[in-house]
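Notes to accompany the following structure.
Number of protein chains: 2
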Amino acid sequence: MENLKDRIKQDGQVLPGNVLKVNSFLNHQIDSDLMYEIGQEFAKRFDNEKITRILTVESSGIAPALMVGLALHVPVVFARKQKSAILNGEVYSAKVYSYTKQVENIVGIDKKFLQADDQVLIIDDFMANGEAVKGLVEIANQAQAKVVGVGIVIEKAFQNGGQALRQAGLRVESLAQIASFTDNQVHFLGEE
Amino acid sequence: MENLKDRIKQDGQVLPGNVLKVNSFLNHQIDSDLMYEIGQEFAKRFDNEKITRILTVESSGIAPALMVGLALHVPVVFARKQKSAILNGEVYSAKVYSYTKQVENIVGIDKKFLQADDQVLIIDDFMANGEAVKGLVEIANQAQAKVVGVGIVIEKAFQNGGQALRQAGLRVESLAQIASFTDNQVHFLGEE
């Protein structure tokens with residue numbers, strides 16, 4: 005997705021430790037129109053999959069997931085990072101380690117919102133080691149739902165999350181795949 | 005907003021302690037098309053206000069805020085509930101007490117994403133005591149930005165948050181105002 009890549013080059017900040025900060029348009033401030041286009045792009049790529057539900061994790065996954073849900077007219081379920089006082093009853097849950105924040109969270113989804121006949125598309129804003137996606141796949145497996153694909157806005161392709169998921173047979177579509185941050189510049193896969 | 009009220013009556017669950025659970029369409033599972041309509045409705049109500057930025061708090065505020073941002077073609081900024089490892093630098097922040105979860109959070113917004121010439125619309129999914137909105141107003145004040153209005157999807161009008169904000173001179177628009185939960189039924193303001 006060329007306009008996304010252009011935006012990353014223009015506004016993304018490369019920080020020490022291979023951290024890419026895109027909080028001016030993706031995950032703190034959100035460019036609503038760009039996010040809409042992101043939703044349309046995922047919907048186009050997964051158009052033939054008869055998706056019935058979108059899964060993501062709070063908070064940064066919600067915006068892209070919602071725009072895909074809107075494009076496909078299906079509900080979006082976001083896993084919560086801890087049981088709130090309101091989230092009683094039975095939940096599917098999985099442990100997710102965040103390397104960025106260096107914390108382990110339990111993410112959970114109310115069992116009412118995931119069924120064995122669901123065709124699930126997992127959406128997230130970022131993927132590096134793929135921990136969040138693996139947690140959501142585990143949750144879908146608990147519900148015996150079928151994961152038909154994974155859509156990632158920005159994949160750090162030099163880390164092993166995407167490779168592991170693809171080798172496990174999952175279809176993973178990333179709108180921007182980062183090959184490296186050499187010289188504090190973002191280089192995408194397939195570029196010279 | 006009649007179809008929202010119908011949906012609350014149909015799918016909302018009244019729990020002990022005046023808790024309304026609407027997690028099947030608003031804040032755990034999200035009905036994408038209903039959320040789009042919610043965004044359109046807020047955009048219509050605040051159409052003349054020359055809004056430049058939408059403010060909300062993670063996580064449940066993100067979906068309605070994003071749909072308003074999309075309708076008005078302005079950026080959405082969501083306050084984060086704790087400083088992440090990535091959110092370094094200078095932030096505006098305020099304390100917000102959640103009665104539902106019985107915890108106090110610090111919510112923060114990177115100073116880059118709020119300017120003195122901003123015309124801010126605050127959006128949130130729920131308002132009871134108005135703690136989250138007050139925190140966002142405080143943050144906007146720190147930036148010397150102008151809060152032109154507050155849009156709430158569901159207001160518990162029998163609690164004092166909305167009244168306090170309106171008495172302080174703020175324009176507050178709520179799409180569904182709950183008068184009471186008598187006999188485990190949802191009763192809206194203005195109904196018999």
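Chains A and B, in that order, are what the protein sequence lines are. Going by our numbering, the residue at position 61 of the first sequence is 65; the numbering climbs one at a time, nothing skipped. Going by our numbering, the residue at position 101 of the second sequence is 105; the numbering climbs one at a time, nothing skipped. Backbone N, C-alpha and C fix where the C-beta goes; we use that ideal spot for every residue, glycine too. Quantities reported herein were computed from a predicted structural model and do not represent experimental measurements.
Residues of the segment 140-159 of chain B whose Cβ lies closer than 7 Å to any Cβ of chain A: none. Taking 9 Å as the Cβ-Cβ cut-off, the segment 48-80 of chain B approaches chain A at ARG57, ILE58, GLU62, SER63, SER64, ILE66, ALA67, ALA69, LEU70, MET71, VAL72, GLY73, LEU74, ALA75, LEU76, HIS77, VAL78, PRO79, VAL80, given in chain order. When Cβ-Cβ separations below 8 Å define contact, B:ASP35 makes contact with chain A. Nearest Cα to B:ILE55 within the set B:LEU74, B:ASP10, B:VAL124: B:VAL124. Residues of the same chain with a CB within less than 7 Å of the CB of B:ARG11, apart from the 5 flanking positions on each side, are PHE29, LEU38 in chain order. Here the alpha carbon of B:ILE34 sits roughly 32 Å from the alpha carbon of A:GLN17. Annotation for B:LEU59: VAL81, VAL124, ILE126, LEU140 place their beta carbon closer than 6 Å to its own, counting only its chain and skipping 5 residues before and after. B:LEU193: not part of any alpha helix (DSSP H); DSSP gives it neither H nor E. Taking 8 Å as the threshold, the shortest C-beta distance from B:ARG84 to chain A falls below it. No Cβ of chain A is located within less than 8 Å of the beta carbon of B:TYR101. Inside the segment 37-66 of chain B, DSSP marks whole beta strand (DSSP E) runs of 3 or more residues at positions 57-61, from first to last along the chain.
Closest option to B:LYS138, judged by alpha-carbon separation, among B:GLN106, B:TYR101, B:ILE66: B:TYR101.
For B:SER28, the nearest CB of chain A lies under 8 Å from its own CB, placing it at the interface with that chain. Bounds of any alpha helix (DSSP H) do not take in B:ASP129; it lies within the beta strand (DSSP E) bounded by 123-131. With a threshold of 8 Å between beta carbons, A:MET5 makes no contact with chain B.
With respect to the C-alpha of B:SER178, the residue from B:THR186, B:GLN163, B:ILE156, B:ALA161 having the closest C-alpha is B:ILE156. Between B:ASP121 and B:VAL61, the C-beta gap is not smaller than 8 Å, which leaves the two residues out of contact. Membership of B:GLU142 in the alpha helix (DSSP H) is indicated by the continuous run 135-146.
The beta carbon of B:ALA132 lies closer than 7 Å to those of TYR103, LYS160, GLN163, GLY165 in the same chain, with the five residues before and after it left out.
Contact check for B:VAL78 and B:ARG57: beta-carbon distance about 6 Å, within the 8 Å limit, so the pair qualifies.
For B:LYS116, the closest alpha carbon among the candidates B:ALA149, B:ALA168, B:LYS105 is that of B:ALA149. When secondary structure is reduced to three states using DSSP, A:LEU30 falls in the coil class, being assigned neither helix nor strand. Ranked by Cα distance from B:ARG49, the first of B:LEU24, B:ASN27, B:LYS25, B:ALA75 is B:ALA75.
Interface criterion met: the Cβ of B:MET39 is under 8 Å from a Cβ in chain A.
Using a 10 angstroms sphere on the CB of B:VAL176, the tally of other CB atoms reaches 16 or more, which defines it as buried. When A:TYR96, A:GLU135, A:ILE113 are compared, the shortest CA-CA separation from A:LYS105 is found for A:GLU135.
Judged by their CB atoms, A:LEU8 and A:ALA180 are nearer to each other than the 8 Å cut-off. By the neighbour-count criterion, in which a residue is buried when 16 or more other Cβ atoms sit within 10 angstroms of its Cβ, B:ASP187 is exposed. In the three-state scheme derived from DSSP, where H, G and I count as helix and E and B as strand, B:GLN181 is classed as strand. In chain order, VAL111, GLY139, GLU142, ILE143 place their CB closer than 7 Å to the CB of A:ALA98, counting only its own chain and leaving out the 5 sequence neighbours on each side. The continuous alpha helix (DSSP H) containing B:ALA168 extends over residues 165-171.
Among the CB atoms of chain B, one or more fall inside 8 Å of the CB of A:HIS32.
Annotation: Cβ neighbours of B:PHE117 in chain A (cutoff 9 Å, chain order): ASN27, SER28, HIS32, GLN33. Around the beta carbon of B:GLU45, 16 or more other beta carbons lie within 10 angstroms, which makes this residue buried. Annotated three-state conformation of A:VAL78 is coil, per DSSP.
Interface with chain B (8 Å Cβ-Cβ cutoff): A:ASP121 is excluded.
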